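Trainee:
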Amino acid sequence: MAPETTLASSGLSVCHHPMLPRPFRVVRHRRELRDTFTLILEPQDGPPEFPFLPGQFNMLYHPGAGEVPISISGDPGRPRHLVHTIRAVGNVTRLLQRYQAGDVLGVRGPFGAPWPVAEAVDRDVLIVVGGLGLAPLRPVIYHVLRHRQDYGNVEIIYGARSPRDLLFRRELEQWRGRFDLRVHVTVDSAGPEWRGGVGVVTNLIGRARFDPPQTTALVCGPGVMMRFSVQELRRLGVQPRDIYVSMERNMQCGIGLCGHCQLGPFFVCKDGPVFSFDRISPWFELREV
Amino acid sequence: MDNLEQSLAAHPFLAGLTSQQLQLLAECASLVNFRANQVIFAEGEEVKALYLLRFGRVAVEVHRTRRGPKTIYTLGEGDFLGLFWSGEEGKWFFDARAMELTRAIALNFDCLRRVLDNNPDLGYELLKRFVRMQAQKIKILKLQLVDFYGS
Ligand SMILES: Cc1cc2nc3c(=O)[nH]c(=O)nc-3n(C[C@H](O)[C@H](O)[C@H](O)COP(=O)(O)OP(=O)(O)OC[C@H]3O[C@@H](n4cnc5c(N)ncnc54)[C@H](O)[C@@H]3O)c2cc1C
Ligand code: FES
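These protein sequences, in sequence, are chains B and X.
Numbering of the first sequence is given in our numbering, commencing with residue 95 and proceeding in unit increments.
Numbering of the second sequence is given in our numbering, commencing with residue -1 and proceeding in unit increments.
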């Protein structure tokens, strides 16, 4: 069902000022999970490509309701399609869930600091993700696979609540079939039909193949999952400066003006959302559950 | 070293034991295989052996009336299967089922008790490893109880 107010009917002009949304048309709406969907977008006018770095996000705008920060989950090597994977949790995201092919929404971005794909060259790459955290890291996986010869061991550790909650399942299976990448998947609980692992991601970190001093670890997921994953990585000898996490804060401007996303001395929208752990550790709660 | 002792020495749970200690354990050990879906033990059954997994994958399950089994955690190569049984009754708390072809070293329970009682140094060493592993498992179960991936 099309949203009631469209960008066209809102009378917004097309302009590339960072505070003004640009109209993008939905090419495809793909249902991923019960409450999660992917919108594939293309610009309605202006430059046909939307270059971005893995880890960056956009502000998606539904006229009359507001804007939400959403990471880009598509392939940075294919900038003609802008891809966002969204969980419908509240006001704006539920409205975005109703967008179908042909509908138009507003996009501002790309914003924020990316995952350190350049710094990780020649090193082992360990990707630890939980739940929807796979979406912001998928561009990294596309990038690393496209430049596979530039990296050492690449290991993906992915955890979800149950087999039904596994995001991008078909792609996970494809990646798992490659010889140059190892994919470990675990769920919290499962019935007897599930043939994969049951446990938590932290337990799988020790089973991955990586050389701790030569490893860049990228961690994304809910707070508690990131906390325990960082603890485990540190226990295994990965340096705090080589562990990167993605932080979430409420946002408004997305460009470091309004202060809504402040975390200690940082503005998450501009200095983050990706931070190395050594920078963010005083503001990253390490308390046990 | 014979085949069995080599397999014992190669298992991470027994890493660092002396060859004399491994020889003592070898008295209680045998190599066993389980086919996919074969039940290794069931809740309430008497504990007859503890298992050092060498290959494959095992689901530790609870049985729920009407809703069928639910997997609590899975174990694989290098893991120890044999933590959750009641000391007084010597009975299993959970079911264990091979998810695929699984190879293991079975340590006969009565024999193991006898060997450990008679060799307190080895007994203490293994007890420390059991406790460490139990603490680790409880930590994992705790994380599974909070909504680890949900928010
Ligand atoms: C840098 C960044 C990248 C993000 N990337 C994605 C993404 O790729 N996909 C995606 O689905 N979401 C992502 N989010 C989260 C997304 O922005 C929020 O879910 C969204 O703003 C909620 O807006 P709403 O109007 O739908 O919900 P609201 O009506 O504002 O809130 C409804 C409920 O959701 C909760 N909520 C609000 N914000 C968040 C949040 N950030 N995390 C968890 N719960 C929240 C509220 O507490 C409330 O209970 C990202 C956030 C940031 C800061
Ligand atoms: S959202 Fe305004 S400063 Fe970050």
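Glycine included, every Cβ here is placed at the ideal spot set by N, Cα and C.
Note that the structure is a prediction, hence the values are computed from the model and not measured.
At which residues does the beta strand (DSSP E) containing residue 344 of chain B begin and terminate?
Mentor: Careful: residue 344 of chain B lies outside any beta strand (DSSP E) and carries neither H nor E.
Trainee: For a cutoff of 8 Å on Cβ pairs, would you count residue 39 of chain X as touching chain B?
Mentor: It does not: the Cβ of residue 39 of chain X has no partner Cβ on chain B nearer than 8 Å.
Trainee: With 9 Å as the limit, tell me which residues of the segment 287 to 299 of chain B have their beta carbon closer than that to any beta carbon of chain X; keep them in chain order.
Mentor: Listed by position, the residues of the segment 287 to 299 of chain B near chain X (Cβ gap below 9 Å) are 288, 289, 290, 291, 292, 293, 294, 295, 296 and 297.
Trainee: Check each residue of the segment 238 to 252 of chain B: if its Cβ is closer than 8 Å to any Cβ of chain X, include it; give the result in chain order.
Mentor: Listed by position, the residues of the segment 238 to 252 of chain B near chain X (Cβ gap below 8 Å) amount to none.
Trainee: Give me the subset of the segment 48 to 62 of chain X whose CB atoms are less than 9 Å from a CB atom of chain B, sorted by chain position.
Mentor: Within the segment 48 to 62 of chain X, the qualifying residues are 55, 57, 58 and 59.
Trainee: Could you work out which residues of chain B lie near residue 118 of chain X, taking near to mean beta carbons separated by less than 8 Å?
Mentor: The contacting residues do not exist; residue 118 of chain X stays about 30 Å from chain B at best.
Trainee: For ligand 2, list every residue whose C-beta falls under 6 Å from any of its heavy atoms, going in chain order.
Mentor: Spelled out in chain order, the answer is B:345, B:346, B:347, B:348, B:350, B:351, B:352, B:353, B:354, B:355, B:361 and B:363.
Trainee: Looking at residue 186 of chain B and ligand 1, is the gap between the Cβ and the nearest heavy atom below 7 Å?
Mentor: Yes, Cβ of residue 186 of chain B sits closer than 7 Å to a heavy atom of ligand 1.
Trainee: Residue 201 of chain B and residue 154 of chain B look like a contact to me (Cβ under 8 Å); what is the Cβ gap, rounded to whole Å?
Mentor: Residue 201 of chain B to residue 154 of chain B, Cβ: 6 Å. Contact.
Trainee: May I ask you to check if the CB of residue 235 of chain B is nearer than 7 Å to at least one heavy atom of ligand 1?
Mentor: No, Cβ of residue 235 of chain B sits at least 7 Å from all heavy atoms of ligand 1.
Trainee: Return helix, strand or coil for residue 106 of chain B, following the three-state DSSP convention.
Mentor: Here residue 106 of chain B scores only 42 on pLDDT, less than 50, and its place in the model is too uncertain to base an answer on.
Trainee: If you pair each beta-carbon of the segment 102 to 115 of chain X with each one of the segment 13 to 28 of chain X, do three or more pairs fall below 8 Å?
Mentor: As far as the Cβ criterion goes, the segment 102 to 115 of chain X touches the segment 13 to 28 of chain X, which means the pair count is three or higher.
Trainee: Within 10 Å of its beta-carbon, does residue 139 of chain X have 16 or more other beta-carbons around it, so buried, or fewer, so exposed?
Mentor: Looking at its Cβ environment, which holds fewer than 16 other Cβ atoms inside 10 Å, residue 139 of chain X is exposed.
Trainee: Which chain X residues are close to residue 225 of chain B, counting only those with a beta carbon under 9 Å from its beta carbon?
Mentor: 146, 147, 148 and 149, listed in chain order.
Trainee: Let me know the secondary structure DSSP gives residue 19 of chain X once reduced to three states.
Mentor: It is helical.
Trainee: For residue 153 of chain B, which of helix, strand or coil comes out of DSSP?
Mentor: The answer is strand: DSSP assigns residue 153 of chain B an E or B state.
Trainee: Taking contact to mean at least 3 C-beta pairs separated by less than 8 Å, is the segment 116 to 133 of chain X in contact with the segment 253 to 267 of chain B?
Mentor: Verdict: no, contact absent.
Trainee: State the DSSP-derived secondary structure class of residue 252 of chain B, mapped to helix, strand or coil.
Mentor: Of the three classes helix, strand and coil, the one that applies to residue 252 of chain B here is strand, per DSSP.
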